[in-house]
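Asker: Numbering (the numbering used here), first residue to last: 1 to 409.
Just so it is clear, CB atoms sit at the ideal spot from N, CA and C, and this is done for glycine as well.
Keep in mind it's a predicted model, so treat the numbers as computed, not measured.
Take this structure, written in structure tokens, and hold onto it; I'll ask about it next.
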Amino acid sequence: MVDVHLHVGLYKTGTTTIQGALAATSRHLARHGVLVPDLRAQRLAAYDLLGQRVGGEQRGEAAGALGRLLELVDSHDGPAAVVSEEELSLARPRQARRLVRGLAGHRVFVVVGARDMGRTLVSAWQQTVVNGGSTRWSDFVASVRGEDGTPPSEGMSFHWRHDLLRVVDTWSSVLPAGHVRLVTVPPRGAPPETLLARFAAAVGLPDAWPGGHQSVRNVSLGAAELEVVRRLNASVSDRLNSAQHRFVVEAGIRARLAGATARPLDLPAQHVAWARAYGEGLVRELERRRLPVHGDLADLVPIDRAPTGPELDDVPDDELLAATQAALVSLALDHGRLFRRYRRAFVEAEGRLPSAVEVLGSEVRAGGFWLRKRAVHHADRHPLVERASRLYLERTSPSSRLLPRQPDT
């Protein structure tokens, strides 16, 4: 019998950090009898269970992935297995029952991550934009709050992914009491290893687990950078599938845009009271359910302070210009790296690769050309370089000799 720990999210509760730590220490855990399946295999299994598919990839890979994961757990001869996949938070009761039945013969535990509404709301909007959305912050938060006259889709999608009580109740309905455990995301400013220590305690990882020293986490954008991506999405999202968009934006532009400007994404002051009221109500409901908690339920109530700056999508032109420049630099660098990666394919289209002698000769010529360009560039600042450049021009450019000469001064 294996103790199977299903870490089901929620989204935006440090899952990237936890999964990165598990993957980085999987061999260490295996030596202690703890199975950590390949993260891709876990995601495909969740897709298979839920019927989820991602455009542009994995369409034919998900079928049967759940069965393969269950077989892997059944064949494990150690005491424990850990599966971490936030897609499992979307499971309906019928799907949760199917997964638990598939693990018959094993003890199943579910670990649910929880974060305060203030940080969740801002982080979820950022993720929506990074994933291709173009909804403005003001429309997003109004939809989540259910205000009249706002498009309901964003709010519905948010609550579908972040309804902590639904997730807790779904898994509690198919597991014995005490087998659903809560891990709260520590408040901002806590030591970075706090979340991983709480997770390790909830799952019962070995005391010597080195995962607490891992620091894999999502890259957060500032307000200006996110506005650039949002505007970009409005123009390209209908031309790229989700896999292409993820390659260009999430895996490309996002990492280099981080830190381009100094304005972070924080919940604006006018929404703090609402977020605190929501958190206080959530704490009351969780106390009534009497779940084992690793952390503190007070972590789910946002702190009673916030910046007094403008709305998150109210970005001055100078900040927007700086972030746009950073985005263009990112695209240029990535395009250059792609060219180097596929250079052989480009050259082979011309019929043959250059010989070593041809490469050397070309590089020598390139060096000479570079020197001439640099000399022209510095002619305005260095009189000696200017005179040398003019002499060179007179010797090599007949047309320049036709220009009227300026009298010497």
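In chain order, what residues of the same chain have a beta carbon less than 7 Å from the beta carbon of Thr135, not counting five sequence neighbours either side?
Answerer: Correct list, in chain order: Thr128 and Glu154.
Asker: Val32 to Val229, Cα distance in whole Å?
Answerer: Contrary to the premise, residue 32 reads as His rather than Val in this sequence. Going by the C-alpha atoms only, they are around 44 Å apart.
Asker: Note down, in chain order, each residue of its chain lying with its Cβ closer than 6 Å to the Cβ of Ser237, except the 5 sequence neighbours on either side.
Answerer: For Ser237, where only same-chain residues beyond five positions count, the Cβ hits under 6 Å are Gly132.
Asker: Can you tell me whether Gln325 is buried or exposed, with buried defined as 16 or more other CB within 10 angstroms of its CB?
Answerer: Flag for Gln325 reads exposed.
Asker: Between which residues of its own chain and Leu72 is the CB-CB distance below 7 Å, once the five residues before and five after are set aside?
Answerer: Pro37.
Asker: From Pro296 to Phe199, what distance separates their C-alpha atoms?
Answerer: A small correction: the amino acid at residue 296 is Asp; Pro does not occupy that position in the sequence shown. Rounded to whole angstroms, Asp296 to Phe199 spans 13 Å at the Cα level.
Asker: Take Val122 as the anchor and find which of Arg231, Val249, Trp171 and Leu267 has the nearest alpha-carbon.
Answerer: Selected option, being the one with the closest Cα: Leu267.
Asker: What three-state label does DSSP hand His245 in the structure shown?
Answerer: His245 falls in the helix class under three-state DSSP.
Asker: Given a cut-off of 8 Å on the beta-carbon distance, is the pair Leu10 and Ser89 in contact?
Answerer: Cβ distance < 8 Å, so Leu10 and Ser89 count as in contact.
Asker: Apart from the five residues just before and just after Ala202, which ones in its own chain have a Cβ nearer than 7 Å to its Cβ?
Answerer: Around Ala202: Val111, Arg181, Val183 and His294.
Asker: Under 8 Å Cβ to Cβ from Arg79, same chain only, skipping five residues before and after it: list those, please.
Answerer: The displayed chain sequence assigns Pro, not Arg, to residue 79. So the list reads Val2, Asp3, Gly33 and Val34, once near-sequence residues are dropped.
Asker: When DSSP labels each residue in this structure, what does His159 get in the three-state scheme?
Answerer: Looking at His159 - three-state DSSP - the assignment turns out to be helix.
Asker: Identify every residue that forms a DSSP beta bridge with Val293.
Answerer: Val293 pairs with Leu182.
Asker: Please work out which residues of its chain come closer than 8 Å, Cβ to Cβ, to Gly105, disregarding the five sequence neighbours upstream and downstream, and give them in chain order.
Answerer: Excluding residues within five positions, the ones whose Cβ falls inside 8 Å are Met1 and Asp74.
Asker: DSSP state of His5, grouped into three classes?
Answerer: Three-state result, His5: strand.
Asker: Quick check: the Cα distance between Phe247 and Gln19, rounded to an integer number of angstroms?
Answerer: So the alpha carbons of these two residues sit roughly 20 Å apart.
Asker: Would you say Pro191 and Thr25 are within 8 Å of each other, going by their C-beta atoms?
Answerer: In this structure, Thr25 does not lie closer than 8 Å to Pro191 by Cβ.
Asker: If distances are taken between C-alpha atoms only, which option among Thr120, Arg288 and Gly252 comes closest to Asp169?
Answerer: Ranking Thr120, Arg288 and Gly252 by Cα distance to Asp169 puts Arg288 first.
Asker: Drop a sphere of 10 angstroms on the beta-carbon of Glu85, count the other beta-carbons inside from all chains shown, and report buried for 16 or more, exposed for fewer.
Answerer: Classification for Glu85: buried.
Asker: Under three-state DSSP, which class holds Arg337?
Answerer: In the structure shown, Arg337 sits in a helix (DSSP, three-state: H, G or I).
Asker: List the whole-angstrom C-beta distance separating Gly14 from Met117, where the pair is believed to meet the contact cut-off of C-beta under 8 Å.
Answerer: Wrong, their Cβ atoms sit about 16 Å apart, outside the cutoff.
Asker: Taking only three categories from DSSP, how would you classify Arg107?
Answerer: DSSP places Arg107 in strand when its eight states are reduced to three.
Asker: The beta strand (DSSP E) with Ser84 in it runs from where to where?
Answerer: It spans Ala80 to Ser84 - the beta strand (DSSP E) in which Ser84 sits, taken as one unbroken run.
Asker: Alpha carbon to alpha carbon, how far is Leu286 from Pro292? Give it in angstroms, no decimals.
Answerer: Their backbone Cα atoms lie some 10 Å apart in a straight line.
Asker: Have a look at Glu87, Arg92, Asp77 and Arg101 and flag the residue whose alpha-carbon is nearest the alpha-carbon of Gly67.
Answerer: Cα-wise, what sits closest to Gly67 is Arg101.
Asker: For Thr150 versus Asp139, is the C-beta distance shorter than 8 Å?
Answerer: Their beta carbons are under 8 Å apart, which means Thr150 touches Asp139 by this criterion.
Asker: Quick one: using the 10 Å Cβ neighbour count with 16 as the cut-off for buried, is Gly222 buried or exposed?
Answerer: Burial call: buried.
Asker: Just the C-alpha distance for Gly367 and Arg381, rounded to the nearest angstrom, thanks.
Answerer: Taking the straight line from one Cα to the other gives about 22 Å.
Asker: What are the partner residues of Ala277, as DSSP defines its beta bridges?
Answerer: Bridge partners of Ala277: none, in fact.
Asker: By the three-class DSSP mapping on this structure, what secondary structure does Gly189 have?
Answerer: Reduced to three states, the DSSP call for Gly189 is coil.
Asker: Going by CA-CA distance only, name the one from Thr17, Ala81 and Arg276 that's closest to Arg27.
Answerer: Nearest option by C-alpha distance: Ala81.
Asker: Hey, Tyr47 and Ala65 are a contact pair by Cβ (cut 8 Å); roughly how many whole angstroms apart?
Answerer: With 8 Å as the limit, Tyr47 and Ala65 qualify as a contact, their Cβ atoms being about 7 Å apart.
Asker: Alpha carbon to alpha carbon, how far is Gly361 from Ala388? Give it in angstroms, no decimals.
Answerer: So the two alpha carbons sit approximately 25 Å from each other.
Asker: Buried or exposed, going by whether 16 or more other CB atoms sit within 10 Å of the CB of Trp137?
Answerer: The residue is buried, with at least 16 neighbouring Cβ atoms inside 10 Å.
Asker: What is the DSSP secondary structure of Val112, counted as helix, strand or coil?
Answerer: Strand.
Asker: Could you tell me which uninterrupted beta strand (DSSP E) segments, each at least 3 residues in length, are contained entirely in the stretch 3 to 47, listed from first to last along the chain?
Answerer: Here the runs fully enclosed are 3 to 7.
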